[in-house]
Structure formats: structure tokens, C-alpha cells
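Asker: This is the structure, below, for whatever I ask next.
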Amino acid sequence: MTLRRALITVLITLSAGAIAGLASAETGMELTVYNDDLALVKELRSIELQRGAQEYTYTGVPGRILPETVHFRSLRDPDGTVVLEQNYRYDLLDRTSLLERYRGQEVRAMVDGQWKTVRLLAAGNPSNDEPLGRILDVGGEIHIEGFILPELPEGLLLEPSLVWLLDADKGGQHDVELSYLTGGVSWRADYVAVVGEKDALDLTGWVTLDNRSGKRYPDAQLKLVAGDVNRVQPAAPRYGKGVAMAMEARDGGFQEESFFEYHLYSLGRKVTLSDNEQKQVELLRAAGIKAQRKYVFNSNVWQEDGQPRAVAVTMEFANDAKSGAGMALPKGTVRVYQADAAGQLQFVGEDEVPHTPEGEQVRLKLGDAFDIRGERVQTAIDRRGNEIFSRSFKITLRNHKDSAVTVEVLEATPPYLEWSVRDASQNYERRSSRELAFAVDVPAKGEAMLAYTLVTR
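So for the sequence shown, the numbering used here puts the first residue at 32; every next one is plus one.
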């Protein structure tokens, strides 16, 4: 520790150079928003400092700032400009905080139509019945009235601020960079998919930004991080080099790149995000994605209801360039539309998609098919002692549509038992130790039957 650093306290007390400054407006702003109500803010400001030790008030920070994540750097003199102490001040000026500073003191109050000098006993809490809610002592009587205060007390701020004990080797103008994390800013992805001929999809992705942090971000360079970031460590995330990935975007639109184990989307133009505002920005656009409509009948090995049940309808596509997609899709809601006979778009269903990298399959469950039903019954059971050796099932699928369909039958199998299939009337696929799949062709205005025996051991 240098001698000058050791004498900081004495310098602050005795030096005429100790000042209280107010930060100027931002000259640069970068906003990186995460999915889980978190944002990294980087500000560039020009401030005036004196040489030596001083107190500096940096205003204009969000009310949801995480002050322990603040990082300060002077671009003019990084090594010689040091923040020794930081206080986050959020005792803001309002009616209650102002009156609390005058508790027990004399103020002027409107009493019975006249201004009188009284002693304020309590600031009170405003209510619908008593919108002021102030308690006054007027010559021994208690009044709740309006009042006049002699002056604005020290220490109250108009907005949340960082108050620094700061030491600078060089006085004058400093361009400073400040970065910090704040809560209250989040984003989500929403998608609109329009089903066209041969079930081709036109997909548009939108980013919805929500700012409730207590600060306006003017002309900010916007970046979005898709992925689940571990927030156990309070330190701000570090940025590394990313590998650009293919993603079609209009001029000024988002460009996507891989970054660490996440995906980063950078907007090619600046945006202004006001406090208490939601903003939508187009994320992506892809036309003619090769999708496939599928009908799915789900059942369980222990299910024996024998009642007709609905068959789900899904839209599926491969998230790759061959299918017309091939981009990392942030998690979000996909809303699907299709034109009716008059050419008017109608809503046909929605589903949530998780974070989906390029090359993965996307499946959207849109609802239940009105004209297709499935019925499952147990036809036989083989018990050996207290254990079930095998069960036989029959699944009947009925199609009331004018065209033939293929129904995917998914059978959930016992998770903790070894099993095999015997006497199956249709080809099957063992997808995992817990799922068995059949593809059953059902004719138009007709029905099809699937039978099989599940042997367990």
C-alpha cells in the first residue's frame, strides 16, 4: 500500500478538493439480456473528476441494480483512478421520506384554514380515508393537515445512485466504463407459424423485451443470451469469442453466434428500452420449412379403460438447413395458424418449444384431432404366482376423415422391468426402455386394429 493510499482518510477530511459530483448522461450503452430476469448493463460516460480523494455521486442507475456486481474503469487512467468505497443509495425523495426527516421538528402546517408553526410527530401512512395521513401537534392538539417544510433536507436523492469514495491521479474529464447486473429486465421468444400447402411452415420469431428495472436504456446496443445461466456466482459473466452461425436476418436484424455453452443474438441496430415498457423486435424469418403433420395416440401399459380417446395432432420438422430451418431456436411459445377456405388465417393451436439447437427435431402438439379416435383394451393377462408374466392388448383406431392417415401409437412400458414384445400385428420400434412405438395406417372412413403382447420378467 502506498503512502498516498494510506492517507486517503486524512485527505478527504482536510483537502479542499473533496467534492460531490453528478454523473453526466450516457455516451454509450450496451444491454445484454438473459432469459431469467437478468441483464448486464455496460455504460460509457464522461465525468469530471478532481485530482486526489473525493466523493462522487453516480446517478441514473436502475432501482433493481445488483450493486455488488459493479465494475468501474476509467479509460483515461485505468490504474490511477480507483474506487475505494461504494454505497448504493436508494433513499429516494417522496412524501414519506421527506416528512420522516422532519419527525420531531417544527414545520408550517395548514390548520383550520391558517398556516401555523407545529411540531411533526409522525409522517404516517397515506390511506384512502386520510390521503395525507400526517400527525401534527398544534398547541397540544393532534391534527392531520397539510404542511410547509422550511427546506429540502440533505441526503435524499431523486433517483437511485452509487456514491463512491474515489481517488484519481489525474484531474479533469474522464471517460469511464461501468458494467453491472440488474434484475427487472427479461426477454422471451414468441413464434408465429403459418401452415401452407403440403404442411410447409412459414415461421417468424419475435423477441419480447420487458423492462421493469427502474431505468431507461436509450440507444442501446442489444444482445440476448439464450440458455440457462447458473447464477450461484455473483460475478458478471465474461464474454469470449464466438463462432458465427448461419442465420438469415434483414439489415439491422439479429445475428446469432455460439458463445460459451449458450447462444448469443446481437441486434444490428440500436434500440431504446424505456422503463415499464414491453417491446417486440423481429428475431428471425424462415419460409417453406418442410414439416409433417402427425397423429399420435398415447397410452400406458397399466391403462385398461377401454373408452374411446382423442388422438393428438402434431406438427414436426427437423431444425436443419435441408428442411429450410437450421438455426438455434430460443425457447418460447409457437402459435400456429392456417388459412380457411376463404383464405382467412385461423388459429389452430400452440405449444412451447425448449431451447433447440440446429439439427434437433421440433415437435408441436397443437390439440386433438376431431375425426380420429383410439380405443385400448386388455385382452389377456398371464399371472405366475404373484407376478404378472404378460399382458395382451388390442388398440382400435377409427378414422372419420375423407383421407387415410397414419397414427403413431406410443405405448409407455414398465420402467423398472425387462420386457419384450410378442405376437405384434404391426411393425414396432423400441425407442427406449420406457417407450414402444407403432405406426398404424388407418383408411379413410375406416378403422385399423393393433394387437400385441408385452412379456415382462
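For each residue, glycine too, the CB sits at the ideal point set by N, CA and C.
#1: Given that a residue counts as buried once 16 or more other Cβ atoms are within 10 Å of its Cβ, and exposed if not, what is residue 376?
#2: When the Cα of residue 337 is compared with those of 353, 427, 394, which residue comes out closest?
#3: By Cβ distance below 7 Å, which residues in the same chain neighbour residue 95 in space, the five residues on each side in sequence not counted?
#4: How would you call residue 476, buried or exposed, if buried means at least 16 neighbouring beta carbons within 10 angstroms?
#5: Kindly indicate which residue of 226, 341, 291, 254 has the alpha-carbon position closest to the one of residue 300.
#6: Can you find the residues in the same chain that come closer than 7 Å, C-beta to C-beta, to residue 221, ignoring five residues on each side of it along the sequence?
#7: Of all Cβ atoms in chain C, is any one closer than 8 Å to the Cβ of residue 401?
#8: CA-CA distance, residue 101 and residue 73?
#9: Going by the beta-carbon positions, is the gap between residue 21 and residue 327 smaller than 8 Å?
#10: State the start and end residues of the unbroken beta strand (DSSP E) segment that holds residue 364.
#11: Short check: CB of residue 486 to CB of residue 434, under 8 Å?
#12: Just to confirm before moving on: does the CB-CB distance between residue 379 and residue 367 stay below 8 Å?
#13: Among residues of its own chain, excluding the 5 on either side of residue 92, which ones have a beta-carbon nearer than 7 Å to its beta-carbon?
#14: Would you kindly work out how many angstroms separate the C-alpha atoms of residue 147 and residue 138, rounded to a whole number?
#15: Please tell me whether residue 288 and residue 295 are closer than 8 Å, where the distance is taken between their beta carbons.
#16: Grab the span of the beta strand (DSSP E) containing residue 102 for me, first residue to last.
#17: Taking the C-alpha atoms as reference points, what is the distance between residue 417 and residue 482?
#18: Return the Cβ separation of residue 439 and residue 325 in integer angstroms, given the expectation that the two are a contact with Cβ distance under 8 Å.
#19: Note down the Cα distance separating residue 350 from residue 459, rounded to an integer number of angstroms.
#20: Which residue marks the beginning of the beta strand (DSSP E) containing residue 92, and which one marks its end?
#21: Leaving out five residues before and five after residue 258 in sequence, what residues of the same chain have Cβ atoms less than 7 Å from its Cβ?
#22: Of the residues 134, 149, 135, which one's Cα is nearest the Cα of residue 141?
#23: Could you check which residue in 315, 357, 87 has the C-alpha nearest to that of residue 196?
#24: Does the beta-carbon of residue 198 have 16 or more other beta-carbons within 10 angstroms, so that it is buried, or is it exposed?
#25: Provide the residue(s) that pair with residue 451 in DSSP beta bridges, ordered along the chain.
#26: With H, G and I counted as helix, E and B as strand and the rest as coil, what does DSSP make of residue 230?
#27: Looking at the secondary structure, which residues open and close the beta strand (DSSP E) in which residue 118 lies?
#28: How far does the beta strand (DSSP E) with residue 346 in it extend, from its first residue to its last?
#29: May I ask which residues mark the beginning and end of the beta strand (DSSP E) holding residue 410?
#30: Excluding sequence positions up to five away, which residues of its chain have a Cβ less than 7 Å from the Cβ of residue 210?
#31: Let's see if you can read the secondary structure: which residues bound the beta strand (DSSP E) around residue 429?
#32: For residue 364, is the beta carbon positioned less than 7 Å from some heavy atom of the ligand FAD?
#33: Quick check on this structure: which residue in 319, 235, 383, 207 has the alpha carbon closest to the alpha carbon of residue 227?
#34: When DSSP builds the beta bridges, which residues end up paired with residue 459?
#35: Classify residue 314: buried if its beta carbon has 16 or more other beta carbons within 10 angstroms, exposed otherwise.
#36: Classify residue 476 as helix, strand or coil using the three-state DSSP reduction.
Answerer: According to the structure shown:
#1: exposed
#2: 427
#3: 213, 214, 215, 244, 245
#4: exposed
#5: For residue 300, the nearest C-alpha among the options comes from 254.
#6: 237, 239, 363, 364
#7: No chain C is part of this structure, which consists of one protein chain only.
#8: 10 Å
#9: Nothing in the structure corresponds to residue 21, since the chain is present only between 32 and 488.
#10: 363-370
#11: no
#12: yes
#13: 191, 192, 193, 246
#14: The straight-line gap from Cα to Cα measures roughly 8 Å.
#15: Yes, they are a contact pair.
#16: 102-105
#17: 25 Å
#18: Indeed they touch by this definition, with Cβ atoms about 6 Å apart.
#19: About 25 Å.
#20: Where residue 92 is concerned, there is no enclosing beta strand (DSSP E), given that its DSSP letter is neither H nor E.
#21: If you ignore the 5 residues before and after residue 258, its C-beta comes within less than 7 Å of the C-beta of 292, 293, 294, 386, all in its own chain and listed in chain order.
#22: In terms of Cα proximity to residue 141, the closest of 134, 149, 135 is 149.
#23: 87
#24: buried
#25: Beta-bridge pairing links residue 451 to 486.
#26: helix
#27: Judged by DSSP secondary structure, residue 118 falls within the beta strand (DSSP E) whose first and last residues are 112-120.
#28: 340-349
#29: 392-415
#30: 71, 72, 73, 102, 267
#31: 418-430
#32: Although the ligand FAD was asked about, the structure shown includes no ligands whatsoever.
#33: 319
#34: 469
#35: buried
#36: coil
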